[in-house]
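Residue numbers (our numbering): 16 to 238.
Every residue, glycine too, gets a C-beta built ideally from N, C-alpha and C.
See below for the structure under consideration.
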């Protein structure tokens, strides 16, 4: 990424960030741009995303995830399922490093080349609050369960809950990032789970529907 292009992206990112409910410092914005540069560079070989243009990556990926950060701001232990190129996990980890230093962010994906990229991101950006796992989430074991588990374009809500639920701490939430969760998808949620709210998210520069679907266990303590 050339310096002129980076400067243009930085201006667009800074302007868009001002429209978001949380404060993103200059340091955080710079690190987000470093992440975007890595995503763009590795994407040429690893095919991490179908979006190729950095300015579109900025809007469709970075800003799309930045707009959801308020939903995760109070998490202590977060798991991003099917993280792919690190969305939203890396974005949350970058924000949390400065603003929520106690938060630990875990990312999991089945594809080795994607987790290799995430490991490189962790090293280059110094994200000591981030842990990368390779494998299927339903086979993942963690010593400590997570108070928040999230996914973006990963699976249907029913599968997300079924595969990830064993890793959720009592009283925790599953938060799915969705374009528009169809009513039939909501209805297929297993009966031990319930949707507590569905909130619309406004992404600067993106004329598309975005929602967060918050899910908890219907009966505390059930699996």
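Looking at residue 124 and residue 149, is the spacing between their C-beta atoms short of 8 Å?
yes
What first and last residue would you give for the alpha helix (DSSP H) that runs through residue 69?
69-72
Quick check on residue 117: does DSSP put it in helix, strand or coil?
coil
State the start and end residues of the unbroken beta strand (DSSP E) segment that holds residue 209.
For residue 209, the enclosing beta strand (DSSP E) starts and ends at 208-215.
Residue burial classification, residue 83 (beta-carbon count within 10 angstroms, cutoff 16):
buried
May I ask you to report which of helix, strand or coil DSSP gives residue 83?
coil
Pairs of beta-carbons, one from the stretch 101-116 and one from the stretch 169-189, closer than 8 Å: are there three or more?
no
Check whether the stretch 156-168 and the stretch 195-213 are in contact - that is, three or more C-beta pairs closer than 8 Å.
Because the criterion of three Cβ pairs below 8 Å is not met, the stretch 156-168 and the stretch 195-213 do not touch.
Helix, strand or coil: which one does DSSP assign to residue 125?
coil
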